[in-house]
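In order, the protein sequences belong to chains W and X.
Each residue of the first sequence is one higher than the one before, counting from 0 in numbering that gives the first Met the number 0.
Each residue of the second sequence is one higher than the one before, counting from 0 in numbering that gives the first Met the number 0.
Every residue gets a Cβ at the ideal spot worked out from N, C-alpha and C, and that includes glycine.
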Amino acid sequence: MRLRRVASVGVWGIIVSRVASVVVALGIGGVAFALCGYDVGRLAGDVVSASFGNLFGIEDLGLLWSPLMLTGLAAAVALRIGLWNIGGEGQFYAGAIAATLVGLHVQAPLWVALGLMAVAGFAGGALWIAVPAVARAFWAVDEIITTLLLNFVAALLVGYLCTGPMRDPHQAVTAASAHIPYEIPPLLDDLHWGFAVSVALVGVVALLLGRSVWGYEVRVAGSNGRAAFYAGMPVRVRLMQVFLLSGGLAGVAGMLEVAGTVHRLQGGISNNFGYLGIMVAALAGASPLGVLPASLLLAVLLNAGIVLQSYGVSSYAVLALTGLVLFCAAVGERLAYLRMRPAA
Amino acid sequence: MIELLTGILATAVLAGGVLVLGAMGEVLAERSGVFNLGVEGLMALGAVSGIVAVAHGAPAWLGLGVAAFVAAVFGAVFAAATVILGANQTLCGLALTVAGSGLAAAAGRPYAGQPARAMFEAVSVPWLSAVPVLGRAVFTQNPVVYVVWIAAPLALHWLLFRTRWGISLRAVGEDPAAADAAGVRVVAVRMAAVVGGAALAGAGGGFLTLAYVPSWSDGIVGGRGWIVIALVIFGGFRPVNVALGAFGFGVITALGFVGQARDWAVPPAFLSMLPYLATVACMIGLRRRGAPQALGNPYNKEER
Chain W
0 MRLRRVASVG VWGIIVSRVA SVVVALGIGG VAFALCGYDV GRLAGDVVSA SFGNLFGIED
60 LGLLWSPLML TGLAAAVALR IGLWNIGGEG QFYAGAIAAT LVGLHVQAPL WVALGLMAVA
120 GFAGGALWIA VPAVARAFWA VDEIITTLLL NFVAALLVGY LCTGPMRDPH QAVTAASAHI
180 PYEIPPLLDD LHWGFAVSVA LVGVVALLLG RSVWGYEVRV AGSNGRAAFY AGMPVRVRLM
240 QVFLLSGGLA GVAGMLEVAG TVHRLQGGIS NNFGYLGIMV AALAGASPLG VLPASLLLAV
300 LLNAGIVLQS YGVSSYAVLA LTGLVLFCAA VGERLAYLRM RPAA
Chain X
0 MIELLTGILA TAVLAGGVLV LGAMGEVLAE RSGVFNLGVE GLMALGAVSG IVAVAHGAPA
60 WLGLGVAAFV AAVFGAVFAA ATVILGANQT LCGLALTVAG SGLAAAAGRP YAGQPARAMF
120 EAVSVPWLSA VPVLGRAVFT QNPVVYVVWI AAPLALHWLL FRTRWGISLR AVGEDPAAAD
180 AAGVRVVAVR MAAVVGGAAL AGAGGGFLTL AYVPSWSDGI VGGRGWIVIA LVIFGGFRPV
240 NVALGAFGFG VITALGFVGQ ARDWAVPPAF LSMLPYLATV ACMIGLRRRG APQALGNPYN
300 KEER
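The structure is reproduced here in structure tokens:
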């Protein structure tokens, strides 16, 4: 017997490798916590009961799940055409800024105002990725670095706006904008309609990518750009469209966060959702439907971070854990192709 | 005017210096064909390890060594996954950045905001420090500055372009199959390049907390790891050009500080955006040449 590589692995092979990677990563994390002197069994029990034990926990989980769904979807769409959008964090901020500006300055019935805010959020996110998109499509400029660096610019811009031109005139909260008068109505007590919108967007994008000519062209361009070009597909146009859609989705996540959860623009509002979205997409294997379970997993991890803080564990420990999950998934994906075969 | 110029140069030497070691490390790794996106995480780990080491009584030079060592250990894990197993370099690099930044922030909690217990002290070079402008800007810095700006780029240039090992390393980055056929041990060369590169990135982080800022705080690396990766690309993967690029970034960063200190009419947030925006502009504006042919591709004998 010896170890051989097989040419392809089915969907189940990938799923098994993903689940195994997550288990291994959490196992390593558990050992690390145990070595630091924590009672891992009790920690895990508390995390599970805080997330799933009662309705409030589940609703709070939903509030983390929906933005992760959208930022994950944003990164996944880009991956479908073979591009990395690492700028979800910045596009989230840009969407939040645009939506807040509309929410503070437009007078309209609630649903109209929310609709306008959503459009503004999408446009803000799309605008934030426009330069990297053009640079990639026309001059082949590496999109990983350009999208990522704009995250820092967006964070600085939000900080400037919240302490400067958009500062709350009543100073109810420091370093934040005024309260936005339009709030997304609740679906359950705490959980707002943004959750339903996020799930619907996942469905729409899944259909668009999987069942339309547009989606077909995107997938062909993603797996073999040259083949797509010689088949007469408008690769550059698709590339631009995919990137703008990706940025727009992250922007909508930012809009839902300000309109549904935070009700103001403030620094740190993106809560790493943009970065975690990249992991969601990677864990989901860039499949839009796979984004649903992958974002749930990261929502549980984020929720775990909140529980762990009550034990005095830094919330950054959870960030490290998510990195470990991603690392194990990358290694697991490779190992999934190895099989024991009789020596030839 | 002289005062202003001196201030900008002196800050540029330090601010740009933080980028140089990491950039040299990335040149080393990428020349061997491995794209390491984990620089940001490695720098964070180095920055925090340096601070923890000196907080426990180590002198600054030992702190810098600890910073390099810790980052090298994490680099070895990254290298094992990407070089030996052939896992996706982009994913593993992102994972390293996230895990490294998270771990560094968690470990650095107790030390956040405190001044470093030991740091590299400034030394004035006799005679040279009396030269106008340059004397105060360059020759009254801490001694590590000369290692960073002069010794590291020249040594790496010599290693890559003037030694047998450098030829092997570049061959592995251009065409690993051909290098393999010529008897070069591809996996060993790449492992060495990645681990060495990680150590340099860690030392860059250590320079940040032991020579530049002298303290640790959350998010202190602030995207420098990504600017480093960009520098390597538009520096054409050549050590000396990359170091010159780092100096340019030092000047841009310094302009931001000087602007804040002198109350320029531009809001400080916009001045702080300068290095990031300049990087994006350079990525788009400068022609990129000389990327190793096999950059990003894992090598496996059986899959040729």
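Burial state of Y275 (chain X), where buried means 16 or more other Cβ atoms lie within 10 Å: buried
- prompt: Which of the residues in the segment 269-297 of chain W, read from start to end, lie with their CB under 8 Å from any CB of chain X?
  reply: Y274, I277, M278 and A281
- prompt: Along the chain, where does the beta strand (DSSP E) that runs through R3 (chain W) open and close?
  reply: R1 to R4
task: Let me know the secondary structure DSSP gives M0 (chain X) once reduced to three states.
output: coil
- prompt: Can you find at least 3 beta carbon pairs, one from the segment 117-129 of chain X and one from the segment 72-87 of chain X, that sit closer than 8 Å?
  reply: no
field: Runs of alpha helix (DSSP H) lying entirely within the segment 51-85 of chain X, each at least 4 residues, in chain order
entry: 59-78
message: Tell me which residue opens and which closes the beta strand (DSSP E) that L337 (chain W) is part of.
response: L337 to R340
Under the three-state DSSP convention, the category A77 (chain W) falls into: helix
- request: Please confirm if W127 (chain W) has its CB atom under 8 Å from at least one CB of chain X.
  value: no
message: What residue range does the alpha helix (DSSP H) around H156 (chain X) cover?
response: A151 to R161
- prompt: What did DSSP end up calling W263 (chain X) once you bin it into helix, strand or coil?
  reply: coil
query: For P185 (chain W), which residues does DSSP report across the bridge?
result: W:H191
query: When you compare each of X:C281, X:R30 and X:F160 to A191 (chain X) by their alpha carbons, which one comes out closest?
result: X:R30
query: Curious, which full-length alpha helix (DSSP H) runs of at least 4 residues does the segment 172-208 of chain X contain?
result: 175-180 and 185-206
query: Does the distance from the C-beta atom of E216 (chain W) to that of A205 (chain W) stay below 8 Å?
result: no
query: Is L160 (chain W) closer than 8 Å to I96 (chain W) when the C-beta atoms are compared?
result: yes
query: Okay, do the segment 261-275 of chain W and the segment 140-160 of chain W touch, 3+ Cβ pairs below 8 Å being the bar?
result: yes
- request: Tell me where the alpha helix (DSSP H) around A279 (chain W) begins and ends.
  value: Per the sequence shown, residue 279 (chain W) should be read as Val rather than Ala. From DSSP, the alpha helix (DSSP H) with V279 (chain W) extends over F272 to L282.
task: For R235 (chain W), return the contacting residues in chain X, with the cut-off set at a CB-CB distance below 9 Å.
output: None at all; the shortest Cβ gap to chain X is about 16 Å.
message: Below 8 Å, how does it come out for the segment 253-260 of chain X and the segment 111-121 of chain W: are there three or more Cβ pairs, yes or no?
response: no
- request: Give the DSSP-derived three-state secondary structure of W11 (chain W) in the structure shown.
  value: helix
message: Give me the DSSP bridge partner(s) of W215 (chain X).
response: X:A111
message: With the cut-off set at 8 Å, would you say Y37 (chain W) and A105 (chain X) are in Cβ contact?
response: no
7 Å CB neighbourhood of A80 (chain X) in its chain, flanking five on each side removed: A86 and C91
- request: Specify, as a first and last residue, the run of the alpha helix (DSSP H) that I85 (chain W) falls within.
  value: It is not in any alpha helix (DSSP H) - I85 (chain W) carries neither H nor E in the DSSP assignment.
- request: Kindly list the residues whose CB is nearer than 8 Å to the CB of T162 (chain W), restricted to its own chain and excluding five residues on each side of it in sequence; keep chain order.
  value: A174
field: Nonlocal neighbours in the same chain, by C-beta distance under 6 Å from T96 (chain X), ignoring five residues either side
entry: G37, E39 and G40
- prompt: Cβ atoms of Q292 (chain X) and D174 (chain X): under 8 Å apart, would you say?
  reply: yes
field: Anticipated Cβ contact below 8 Å, L230 (chain X) with G244 (chain X), distance rounded
entry: 5 Å
- prompt: Is there a Cβ from chain X that is less than 8 Å from the Cβ of T70 (chain W)?
  reply: no
message: If the criterion is Cβ atoms closer than 8 Å, does the pair G259 (chain W) and G124 (chain W) meet it?
response: no
- prompt: Excluding sequence positions up to five away, which residues of its chain have a Cβ less than 6 Å from the Cβ of L155 (chain X)?
  reply: M23 and P238
Secondary structure, alpha helix (DSSP H): runs of 4+ residues fully inside the segment 282-320 of chain W: 290-308
message: On the CB-based measure, 16 or more other CB atoms within 10 Å of its CB, does S294 (chain W) come out buried or exposed?
response: buried
- prompt: Does any residue of chain X bring its CB to less than 8 Å from the CB of S313 (chain W)?
  reply: yes
- request: State the beta-bridge partners of R166 (chain W) as determined by DSSP.
  value: W:S176
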